[in-house]
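What follows is a set of notes on a single structure, which appears directly below.
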Amino acid sequence: TAVIGLILFGILHNLLELRYVAGRFSGVLGRPFLDLLVALITAIVVCRLLAGVVGRPARLAEILLGYAVIALAARYGLDGRRRRVAWAVVGAAAVVSSAFPAYHFVVLTHLHNVVPLFFLWEWSRRITSPRGRRAFRAVQLLWVVAIPAVVLLGLVDGSLSTDPGIVRSVVGDGQTVLATSAPPGAAATLLGTRFLTVFAFMQTMHYVVWVALLPRVAPDASASFEARVPWVTGPRLWAVGFLAAAVFAVLFGIDFAQGKALYAALASYHAYLELPVLLAMLVGARSLSALPTPPPADTASPRAASPSSSVSAASLLSAPSASFASGGTGALGPTPETAAVAVAPEPEVGT
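Quick note on this note's numbering: the sequence shown kicks off at 5 and runs consecutively.
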């Protein structure tokens, strides 16, 4: 499941996530912050490409650059005591991660699959029915927390398997996939099998969110992105995604390990670009006051008049489960009509 999903939707979900994040949170990703962020992530891409050649030094460099991304986000998004606290936490975490790099990357792998929860939680604020909003959020907690917990606790061990099945010709015995999802030294154990199962399930749901759900229920984010980058239309983005899937299918067939390394390098942009947005959502960075509030999911509006953009809480549950300081200008900066209303600090409707 993990390998087939990666081949079919790996690059496509990268592109669709970048479109959503850049469109919905353009106020967070303003210049010059965006330029510095892209420079740091590009350095991470280089580290990932060199990891197979230089080994541990490249991995350690990626760890430090990853924390530098968070530190940069704190520099532009926080102030005063919160910024100093954030830097202290980042510094301590960087020391721990550098001491245990293998664990760092396993944790990063699994946390990345949890990220959609935060974007869905933020999106659900537009569901005006308190009951519908709570139900929607409960569904998200079900697949992000409850189901993985059931697997990791060993309650379904009898149904787990590491047999590569139809992708054996691509991944061999599957140890390459196991090694990226299991704690160090646990790949060949039952615990490793549990972590692989959780990874495969969470990755599948990750793709469902970015490929099937958010493009459907958040057309405003896509429209915002296309207004700033008009040549990247929806059909073109999907076409590039499926074309890339075909290319990577060939690369994976020739050498899965090398193809996976190239994919991981390119995926750095979407994986690390989301970190500043998460910081802004979690701690209420000052840039959030520049983000527009999208129309409620079940309230009529000019944009929501069509069936493709008007979504009720019930239909969602039936589906598969001011820029940073000195920023806010340039291609992805906010426009005057989208720069007035707060997102994170706003109280929710109802209880």
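Note that CB positions come from ideal geometry on N, CA and C, so glycine has one too.
Output the boundary residues of the alpha helix (DSSP H) element that contains residue i.
i	result
V281	272 to 287
D83	Where D83 is concerned, there is no enclosing alpha helix (DSSP H), given that its DSSP letter is neither H nor E.
L20	6 to 28
L157	Here L157 belongs to no alpha helix (DSSP H), and DSSP marks it neither H nor E.
A186	Here A186 belongs to no alpha helix (DSSP H), and DSSP marks it neither H nor E.
A227	223 to 232
F256	238 to 258
G196	194 to 211
Whole angstroms is fine: what's the gap from residue i's alpha carbon to residue j's?
i	j	result
Y267	P187	22 Å
T208	V42	27 Å
A106	L182	13 Å
I8	V171	8 Å
V93	L33	22 Å
A192	G84	48 Å
A239	A222	First, the amino acid is wrong: residue 239 is Pro here, not Ala. Roughly 16 Å separates the two Cα atoms.
L22	S226	10 Å
V233	D167	44 Å
G286	A253	Note on identity: in this sequence residue 286 is Leu, with Gly being the wrong assignment. Going by the C-alpha atoms only, they are around 37 Å apart.
K264	M206	18 Å
L156	L20	30 Å
P61	L68	11 Å
V49	P134	42 Å
E356	A271	Nothing in the structure corresponds to residue 356, since the chain is present only between 5 and 355.
V73	V25	16 Å
R52	F109	12 Å
A98	Y71	6 Å
S313	D224	Caution is warranted here: a pLDDT of 39 is assigned to S313, below 50, making its placement in the model unreliable, and the coordinate value is therefore given only provisionally. Approximately 8 Å, taken between the alpha carbons.
A55	V143	38 Å
P306	T132	Low local confidence applies: a pLDDT of 38 at P306 is under 50, so the model's placement there is unreliable, and no value is given.
L190	T184	Per the sequence presented here, residue 190 reads as Ala, with Leu not at that position. Spanning the two alpha carbons is a distance of roughly 11 Å.
P64	R87	It is worth fixing the name first, because residue 64 is Leu in this sequence and not Pro. Cα to Cα, the separation comes out at about 24 Å.
S228	S165	43 Å
F13	A275	15 Å
E230	V236	6 Å
L10	V100	30 Å
T201	L146	16 Å
W127	P280	17 Å
L82	P36	16 Å
G31	V119	19 Å
L218	R137	16 Å
R129	A249	34 Å
W91	I258	43 Å
R28	A284	13 Å
D39	G59	28 Å
A139	R220	19 Å
V154	F203	13 Å
Q262	F104	24 Å
F123	Y273	17 Å
T46	S102	20 Å
L121	E278	12 Å
L255	L44	27 Å
message = Counting beta carbon pairs with one atom in the region 75 to 87 and one in the region 104 to 120, are three or more of them shorter than 8 Å?
response = no
ask   = Touching or not, the region 197 to 211 and the region 160 to 167, by the rule of three or more beta carbon pairs under 8 Å?
value = yes
message = Restricting to runs no shorter than 4 residues, where is the alpha helix (DSSP H) found entirely within the region 113 to 161?
response = Scanning the region 113 to 161 for uninterrupted alpha helix (DSSP H) segments of 4 residues or longer gives 120 to 127, 134 to 145, 151 to 156, listed from N- to C-terminal end.
request  = Spell out a yes or no on whether the region 143 to 154 and the region 234 to 249 are touching, meaning 3 or more CB-CB pairs, one atom from each, closer than 8 Å.
outcome  = no
ask   = Do the region 210 to 219 and the region 12 to 19 touch if we need at least three Cβ pairs shorter than 8 Å?
value = yes
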